[in-house]
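Inspection log for the structure reproduced underneath, given as C-alpha cells.
2 protein chains.
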Amino acid sequence: MGNQESGMQYWEDQIEHLLPGQIEARSFALIDQELDQMGIHLDETTGPVIRRAIHTTADFDYAKNLVFSPQAVEKGIDALCHGGIIITDTNMAKAGINKKKAESLGVQVFCHMADSDVAERAREKGCTRAAASMEKAAALLREEKVRRGILPPVIFAVGNAPTALVELSHLLDERQIQPDLIIGVPVGFVNVEASKEMMISRKDVSYIVARGRKGGSNVAAAIVNALLYQCPSREVKS
Amino acid sequence: MGNQESGMQYWEDQIEHLLPGQIEARSFALIDQELDQMGIHLDETTGPVIRRAIHTTADFDYAKNLVFSPQAVEKGIDALCHGGIIITDTNMAKAGINKKKAESLGVQVFCHMADSDVAERAREKGCTRAAASMEKAAALLREEKVRRGILPPVIFAVGNAPTALVELSHLLDERQIQPDLIIGVPVGFVNVEASKEMMISRKDVSYIVARGRKGGSNVAAAIVNALLYQCPSREVKS
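Residue numbers (the numbering used here), protein chains in the order written: chain L, 921 to 1158; chain R, 921 to 1158.
Listed below in C-alpha cells is the structure:
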C-alpha cells in the first residue's frame, strides 16, 4: 500500500468500517448524544428537521436557530405526502433534494434561477435573479391553477437569497401565492436577518426559518429531505 | 400593500436596497470587518478562499479550520486557468460551481455519484456510492490518458462523503491518480475528521482541507468558485 507516513497510518486506523446504511444512524446517535450533553432534547415533530440540519452542516447552532410556525412540520409533511410542488431558489438546493424519494411521492422540484427570461426580467427590474425567479414561479402556479382548477400543495425552499424571501413576503402581501410552507434559510450578511424576521412576523403562512445569518442551499435541501423521509413511499404511477 | 404587522414593517424598513452586483461586495466588506475585530487578517493567496467559504456559510469557523498545503491555491488556480477537469462527490457540489465561468475557461465538471454502474459497484463491494464514484472517476481519467496521451489538470472536490476522501487517499497510495489539487471538505460525524487528517498527513498531493467536522457540498463549490474567479476569462471556443 506504500503509506508514506505513520501519521497517515494512525488516522487510517481511526476509520470505523461501517456499512453505508449504518453511517447515518451512527451520525444521528452522535448528534443526539452531543445535544443531550448540551441539555437539549429534540421533540418528535421538529426533531427530525433539526437533526438533519445539524447532520448536513456539523453545526449545532441549528439546534437553537430554527424557528417553526405552529404545525409547520405537519403541513410540510402533508404537502409532500400529497404530491406537492417544491420551488427552490438555487439549482444547488434542487440538486440536494432526494430525487428518488420525491419521485416516489409524485413530488416535483422546480428552480427558475437559471432561466433566460428570469435573467432578462431581473435586468429590466434591477432586482436579483433569485427575486425574479420567485415572481416567475408565482406566475406559473397561477396559470397552472387556472388551467387545472386546483393546484397541488406548494412549498417554497429558499436557501440562498434573502431577496427571494423578501419577494415571497411581497407576493403573500399581494395574495399572489398561498403556499403550504415556506422554508426560509437564506445565508449571509446583507438583508438576511431582516428577510427572515419579516417571514417570522407573518401570521398568514407556515414557515421554517433559520434565525440569524446562517443557512444555505444545503440546509434548505436537508429540511426538505427531513420532511420527505417522513412520508410513506407510494407506488410511482407509470 | 396590506402588511399585517408593525413588526413586519419594521424589518422591511431594515432592508438595504442594493443592486445585485453590490450585495457581494458589501458582504465581503462585512466579513473582513468582522475578521478584523477577531484579530484575523487574511492574506492575498488563501484569503479569497477563506472569505468565500465564510460567505457561503456565515460561519467564521472557516477562518480557522481551512488548511492549505504549500502552493495549493496557486496550483488550483493554475489547473482551472488551463481548462482543468473537476470531479465532485455530489451533484449538489457540481450544481454550486459557476457554470458560466467554468465554461469560459474550458473547465468541465463531472459527478458520477448518481450513475447506475456506481450504485451497482457499491453494492458489490459493500462500499459507499461516493467511494465507488471516485474509483470510477480514476478509471475514466486513466482511459482518457491512454486515449489522448495527456490529461488536462485534475481537481477532486469532496464536500460530502469522508469515504470519498479515504478512497482518494487509497488511489494516491496506489498511484492511480495524480491530481493537481484535492479539496477535502466532507462534513459530518463518522470518519470525517480521520479522512481529513489522512489527507493532511500526505506530502504527495496539494490539498485544501477543512479540519474538523465542518464542510459541505456548498463549501466545496465555494472553494472551487473562489479559485475560478481568479482566472482571467478567455473566449469560449465554438
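Cβ atoms here follow ideal geometry from the backbone N, Cα and C, with glycine treated the same way.
Source: prediction; values computed, not measured.
- Task: Could you name the residues of chain R that residue 965 (chain L) contacts, counting a contact when the two beta carbons are closer than 8 angstroms?
- Result: Residue numbering aside, residue 965 (chain L) sits at position 45 when the first sequence is read from its first letter. Per Cβ cutoff of 8 angstroms: no residues; residue 965 (chain L) is ~23 angstroms from chain R at best.
- Message: I need the boundaries of the alpha helix (DSSP H) containing residue 1008 (chain R), first residue and last residue.
- Response: The residue given as residue 1008 (chain R) occupies position 88 in the second sequence. Run containing residue 1008 (chain R): none in the alpha helix (DSSP H); it sits in the beta strand (DSSP E), 1005-1008.
- Task: Could you pull out every unbroken alpha helix (DSSP H) segment of at least 4 residues lying fully inside the stretch 925-985 of chain R, listed in chain order?
- Result: DSSP runs (the alpha helix (DSSP H)) wholly in the stretch 925-985 of chain R: 926-934, 940-957, 967-977 and 982-985.
- Does residue 928 (chain L) get closer than 9 angstroms to chain R when you measure Cβ to Cβ? Translated into the one-based positions of the first sequence, residue 928 (chain L) becomes position 8. With 9 angstroms as the cut-off, residue 928 (chain L) counts as an interface residue toward chain R.
- Message: Considering only the alpha carbon of each residue, which of L:967, L:978 and L:932 lies closest to residue 1080 (chain R)?
- Response: Counting from one through the second sequence, the residue named residue 1080 (chain R) turns up at place 160. Comparing Cα-Cα distances from residue 1080 (chain R) to each of L:967, L:978 and L:932, the minimum goes to L:978.
- So, does the CB of residue 1110 (chain L) fall closer than 9 angstroms to a CB anywhere in chain R? As a working note, residue 1110 (chain L) is residue 190 in the first sequence. Residue 1110 (chain L) counts as touching chain R.
- Query: Where do the N-terminal and C-terminal ends of the alpha helix (DSSP H) with residue 992 (chain L) fall, by residue?
  - Reply: Position 72 of the first sequence, counting from 1, holds the residue named residue 992 (chain L). 992-1001 is the extent of the alpha helix (DSSP H) around residue 992 (chain L).
- Item | Residue environment, residue 958 (chain L), which counts as buried when at least 16 other CB atoms sit within 10 Å | In the first sequence, residue 958 (chain L) corresponds to position 38, counting from 1. When all chains shown are included, residue 958 (chain L) counts as exposed.
- Task: Please state whether DSSP places residue 1130 (chain R) in a helix, a strand or coil.
- Result: Taking the first residue of the second sequence as position 1, residue 1130 (chain R) is located at position 210. Strand.
- Query: If you count every other CB in all the chains shown that lies within 10 Å of the CB of residue 945 (chain L), and 16 or more means buried, which is it?
  - Reply: Numbered from 1 along the first sequence, position 25 holds the residue referred to as residue 945 (chain L). Flag for residue 945 (chain L) reads exposed.
- Query: The alpha helix (DSSP H) spanning residue 1091 (chain L) covers which residue range?
  - Reply: As a working note, residue 1091 (chain L) is residue 171 in the first sequence. Secondary structure note for residue 1091 (chain L): its alpha helix (DSSP H) is the uninterrupted segment 1082-1093.
- Item | Per-residue contacts from residue 975 (chain R) into chain L (C-beta, under 9 angstroms) | Along the second sequence, read from residue 1 onward, the residue named residue 975 (chain R) stands at position 55. Within chain L, the residues placing a beta-carbon under 9 angstroms from that of residue 975 (chain R) are 1107, 1108 and 1109, ordered along the chain.
- Message: Measuring only the C-alpha atoms, how far is residue 1029 (chain R) from residue 1041 (chain R)?
- Response: As a position in the second sequence, residue 1029 (chain R) is number 109, starting the count at 1. As a position in the second sequence, residue 1041 (chain R) is number 121, starting the count at 1. Cα to Cα, the separation comes out at about 22 angstroms.
- Query: Where does the unbroken alpha helix (DSSP H) through residue 909 (chain R) begin, and where does it stop?
  - Reply: Beyond the ends of chain R as shown, which are 921 and 1158, falls residue 909 (chain R); an answer cannot be given.
- Kindly indicate which three-state DSSP category residue 1038 (chain R) falls into: helix, strand or coil? Sequence index remark: in the second sequence, residue 1038 (chain R) carries index 118 (1-based). In this structure, residue 1038 (chain R) counts as helix in the three-state DSSP scheme.
- Buried or exposed by the 16-neighbour rule on C-beta atoms within 10 Å, applied to residue 939 (chain R): Residue 939 (chain R) sits at position 19 when you count from the first residue of the second sequence. Its Cβ having fewer than 16 others within 10 Å, residue 939 (chain R) is exposed.
- Message: With a threshold of 6 angstroms on Cβ separation, who are the neighbours of residue 1014 (chain L) within its own chain once the five nearest residues in sequence on each side are excluded?
- Response: As a first step, residue 1014 (chain L) must be located in the first sequence, where it is residue number 94. Answer for residue 1014 (chain L): 1008, 1029 and 1031, listed in chain order.
- Closer than 9 angstroms to chain R by CB, residue 1012 (chain L): Here the question's residue 1012 (chain L) lines up with position 92 in the first sequence. So, interface residue.
- Query: What residues from chain L crowd round residue 1008 (chain R), counting only those whose CB sits closer than 7 angstroms?
  - Reply: Working through the second sequence from its first residue, we reach residue 1008 (chain R) at position 88. Going along chain L, no residue has its Cβ under 7 angstroms from residue 1008 (chain R), so there is no contact; the nearest lies around 10 angstroms.
- Step through the CB atoms of chain L and report whether any lies within less than 9 angstroms of the CB of residue 1134 (chain R). As a first step, residue 1134 (chain R) is located in the second sequence; it is residue number 214 there, counting from the start. Yes, residue 1134 (chain R) lies at the interface with chain L (some Cβ there is under 9 angstroms from its Cβ).
- Indicate the three-state DSSP secondary structure (helix, strand or coil) for residue 862 (chain L) in the structure shown. As displayed, chain L neither begins before 921 nor continues past 1158, which places residue 862 (chain L) out of reach and without an answer.
- CB residue 1005 (chain L) to CB residue 1101 (chain L), shorter than 9 angstroms? Counted from its first residue, the first sequence places residue 1005 (chain L) at position 85. Counted from its first residue, the first sequence places residue 1101 (chain L) at position 181. Taking 9 angstroms as the Cβ cut-off, residue 1005 (chain L) and residue 1101 (chain L) do not qualify as a contacting pair.
- Item | First through last residue of the beta strand (DSSP E) which encompasses residue 1075 (chain R) | Position 155 of the second sequence, counted from the start, is the residue given in the question as residue 1075 (chain R). Start and end: 1074-1078.
- Answer with buried or exposed for residue 1050 (chain L), where buried requires no fewer than 16 other C-beta atoms within 10 angstroms of its C-beta. Locating residue 1050 (chain L) in the first sequence gives position 130, where the first residue counts as 1. With 16 or more other Cβ atoms from the protein chains shown falling within 10 Å of its own Cβ, residue 1050 (chain L) counts as buried.
- Task: Answer yes or no: do residue 1082 (chain R) and residue 1114 (chain R) have a C-beta to C-beta separation smaller than 9 angstroms?
- Result: Translated into the one-based positions of the second sequence, residue 1082 (chain R) becomes position 162. Translated into the one-based positions of the second sequence, residue 1114 (chain R) becomes position 194. Here residue 1082 (chain R) is near residue 1114 (chain R), since their CB atoms are less than 9 angstroms apart.
- Which residues of chain R have a Cβ atom closer than 7 angstroms to the Cβ of residue 1086 (chain L), listed in chain order? Looking up residue 1086 (chain L) in the first sequence gives position 166. Using a Cβ-Cβ cut-off of 7 angstroms, residue 1086 (chain L) is close to 935 of chain R, given in chain order.
- When Cβ atoms are compared, which residues of the stretch 1043-1069 of chain R fall closer than 8 angstroms to chain L? Near chain L, meaning a CB-to-CB distance below 8 angstroms, the residues of the stretch 1043-1069 of chain R are 1046, 1047, 1048 and 1049.
- Task: Compare the C-beta of residue 990 (chain R) against all C-beta atoms of chain L and say whether one is closer than 9 angstroms.
- Result: Residue numbering aside, residue 990 (chain R) sits at position 70 when the second sequence is read from its first letter. No, because no Cβ of chain L sits closer than 9 angstroms to the Cβ of residue 990 (chain R).
- Message: Do residue 1012 (chain R) and residue 1137 (chain R) count as a contact pair if the criterion is CB distance below 9 angstroms?
- Response: Within the second sequence, numbered from 1, the residue matching residue 1137 (chain R) stands at position 217. Within the second sequence, numbered from 1, the residue matching residue 1012 (chain R) stands at position 92. Yes, the Cβ-Cβ distance between residue 1137 (chain R) and residue 1012 (chain R) is below 9 angstroms.
- Mind pulling the chain L residues with CB within less than 9 angstroms of residue 1099 (chain R)? For the purposes of this step, residue 1099 (chain R) is taken as the residue at position 179 of the second sequence. Going along chain L, no residue has its Cβ under 9 angstroms from residue 1099 (chain R), so there is no contact; the nearest lies around 16 angstroms.
- Query: Looking at C-alpha atoms only, which residue of L:1063, L:949 and L:1003 is the closest neighbour of residue 1097 (chain L)?
  - Reply: Taking the first sequence and counting its residues from 1, one reaches residue 1097 (chain L) at position 177. Nearest to residue 1097 (chain L) by alpha-carbon distance, out of L:1063, L:949 and L:1003, is L:1063.
- Query: How is the beta strand (DSSP E) around residue 1066 (chain R) delimited, first residue to last?
  - Reply: By 1-based counting over the second sequence, the position of residue 1066 (chain R) is 146. Segment 1049-1068 is the alpha helix (DSSP H) holding residue 1066 (chain R); no beta strand (DSSP E) there.
- Near-chain L residues of the stretch 977-988 of chain R - C-beta to any C-beta below 9 angstroms: Under the 9 angstroms Cβ criterion, the stretch 977-988 of chain R contributes 977, 978, 979 and 981.
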